[in-house]
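There are 2 protein chains.
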Amino acid sequence: MIRIYGDGNSGNCLKVKWVCDALALPTTWIDVDTTTGGSRTVEFLKLNPWGQVPTVEFDDGRTLAQSNAIIRYLARGSDLIPADPFAAAQMDAWLFWSNTAMSPMWPCAAFRWSISASPPASSTRILVKRGYAALDSMERRLSEARFLVGDVFSLADVALLAYTRVAHEGGFDLTSYASLRRWIAEAEKRLGLPAAR
Amino acid sequence: MIRIYGDGNSGNCLKVKWVCDALALPTTWIDVDTTTGGSRTVEFLKLNPWGQVPTVEFDDGRTLAQSNAIIRYLARGSDLIPADPFAAAQMDAWLFWSNTAMSPMWPCAAFRWSISASPPASSTRILVKRGYAALDSMERRLSEARFLVGDVFSLADVALLAYTRVAHEGGFDLTSYASLRRWIAEAEKRLGLPAAR
């Protein structure tokens, strides 16, 4: 049994659950409310000194942090990681890229949820611009390939899906992103997720 | 021959060179001046649509982006990646963590270089605080282990070294970080680098 310490509003946490489900790995989800310091308690910092969710704990007590490191470990040897080393490296490139490129998605969504009546602050406008640039990159790639790493559905698709499927909640309009919307629908179907909108 | 498109001031670029040198892989370094748009030219975007350095190009014309994906690919099968899958996952956790946690290092250094006479803006003060928090995490780990992943010198050490060895240039004072300084010296020695200060 894998214990997933996570926040249900976080795409980074959800993607760990999705990978476990896709690999039929049994899990227990432990909700951690990061907004009230749940990831900074003495108990939690023993699981993950960085104080971040998701964190997973295995039956033998070992723990692992960082969503992309977790899914890469859990999916080793499965068809979610391309067997070809260069294709796997391209998958890794998307994972590392998403770490920074997708970061605007979350604050933008948080902004919309919290103060949607106010006009965006300049810092939010910069995030919106960066967010659309990231979506542009994905659209360009997905207009020429079925998945991010060619024909193979991989962890790159799982990781990026976590943000893009809820991009509209952060105010991002995907109307003109035809390839991205096609890919979101296909990735959701692969993972057995309901359509996000 | 591996062509490394990089900026010599960027730790992300230098670490690719260090890994190639450690593995005795022949390289050619092509300087890209990102401050004057060198990574956004039509020619460069054909190599890397994300417009980022480092980017590597192999003899067969294939290209790969994202420094951590690059070093992970180049070092596959070498002793820079732990053979034990869980230890490799811990290495990955440090790599993904560094992607965001180490980001304050670069802007802080840039700030110091460009307008060192002015007091830090509030955004810079936040970066400084986050930078020290990252250094605290590393100090804690390195006070209990020789390297970031236990006894094994790995890509985690190479990647984190790139930022920490020049942290003083960004105004970070490492005087009280005894374990971190011990580790920097050892990692520099492993890679055959001169002491950064």
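Line by line, the protein sequences are chains A and B.
If you count the first sequence from 1, you need to add 99 to reach our numbering.
If you count the second sequence from 1, you need to add 99 to reach our numbering.
We put the beta carbon where it would ideally sit given N, CA and C, even for glycine.
All values derive from a computational prediction rather than experimental measurement.
- Not a single C-beta of chain A is nearer than 7 Å to the C-beta of Arg139 of chain B.
- Within the segment 115-134 of chain B, no residue has its Cβ closer than 8 Å to any Cβ of chain A.
- Only residues of its own chain outside the window of five on either side were considered, and among them Gly110, Met204, Ala208, Ala295 have a CB closer than 8 Å to the CB of Val265 of chain B, listed in chain order.
- Ala258 of chain A sits close to Ser197 of chain A, with the two beta carbons spaced by under 7 Å.
- Ile169 of chain B carries a helical assignment under DSSP once its states are collapsed to helix, strand and coil.
- In the DSSP assignment, Trp282 of chain A falls outside any beta strand (DSSP E) and within the unbroken alpha helix (DSSP H) covering 277-289.
- Shown here for Asp158 of chain A: same chain residues with a beta carbon closer than 7 Å to its own, the five before and five after excluded, namely Met100 in chain order.
- In this chain, the alpha helix (DSSP H) harbouring Trp196 of chain A covers 184-200.
- Taking C-beta atoms as the reference points, Val155 of chain A and Ile169 of chain A count as a pair closer than 7 Å.
- Taking a cut-off of 8 Å for Cβ pairs, the segment 280-292 of chain A and the segment 234-253 of chain A touch, as three or more such pairs fall below it.
- Interface criterion met: the Cβ of Asn167 of chain A is under 7 Å from a Cβ in chain B.
- Looking only at A:Val131, A:Ile103, A:Arg280, the smallest Cα-Cα distance to Phe246 of chain A is reached by A:Arg280.
- Around the beta carbon of Ser138 of chain B, 16 or more other beta carbons sit within 10 angstroms, so the residue counts as buried.
- Against chain B, the CB of Arg171 of chain A has a partner CB under 7 Å away; the residue lies at that interface.
- When DSSP states are grouped into helix, strand and coil, Arg102 of chain B belongs to the strand group.
- Put simply, the backbone Cα of Thr133 of chain B is about 9 Å away from that of Gly105 of chain B.
- Asp120 of chain A and Arg171 of chain A have their C-alpha atoms roughly 14 Å apart.
- Collapsing the DSSP output to three states places Thr140 of chain B in coil.
- At a cut-off of 7 Å between beta carbons, Asp191 of chain B contacts chain A.
- Straight-line spacing of the CA atoms in Asp272 of chain B and Tyr231 of chain B works out to 9 Å.
- Cβ neighbours of Leu146 of chain B within its own chain (closer than 8 Å, five residues either side excluded): Tyr104, Thr154, Glu156, Thr162.
- The beta-carbon of Trp282 of chain B is placed no less than 7 Å from the nearest beta-carbon of chain A.
- With respect to the 7 Å criterion, Gln189 of chain B and Val248 of chain B are classified as neighbours on the basis of their beta carbons.
- With respect to chain B, the C-beta atom of Phe195 of chain A has a partner C-beta closer than 7 Å.
- Judged by DSSP secondary structure, Asp132 of chain A falls outside any alpha helix (DSSP H); it is assigned neither H nor E.
- Of the residues A:Gly136, A:Tyr262, A:Pro148, A:Thr140, the one whose Cα lies closest to the Cα of Gln165 of chain A is A:Pro148.
- In the DSSP secondary-structure assignment, Val155 of chain B is bridged to B:Ile103, B:Leu163.
- Spatial neighbours of Ala174 of chain B in its own chain (CB-CB distance under 7 Å, excluding positions within 5 residues in sequence) are listed in chain order as Val118, Leu122, Ile180, Leu254.
- Listed along chain B is no residue with a C-beta nearer than 7 Å to that of Arg102 of chain A; the closest approach is about 16 Å.
- Out of A:Trp128, A:Ala244, A:Gly150, the CA that lies nearest to the CA of Gly136 of chain A is found in A:Gly150.
- Its chain contains no residue whose beta carbon lies nearer than 6 Å to that of Pro184 of chain A once the 5 sequence neighbours on both sides are disregarded.
- With contacts defined as CB atoms closer than 7 Å, Tyr262 of chain B and Met201 of chain B qualify as a contacting pair.
- Taken in chain order, the members of the segment 225-243 of chain A whose beta-carbon sits within less than 9 Å of a beta-carbon on chain B are Ser236, Arg239, Arg240.
- Excluding its 5 nearest sequence neighbours in each direction, Ser278 of chain B has C-beta neighbours in its own chain below 6 Å: Glu238, Leu241, Ser242, listed in chain order.
- Only buried fits Ile283 of chain A, as 16 or more other CB atoms lie within 10 angstroms of its CB.
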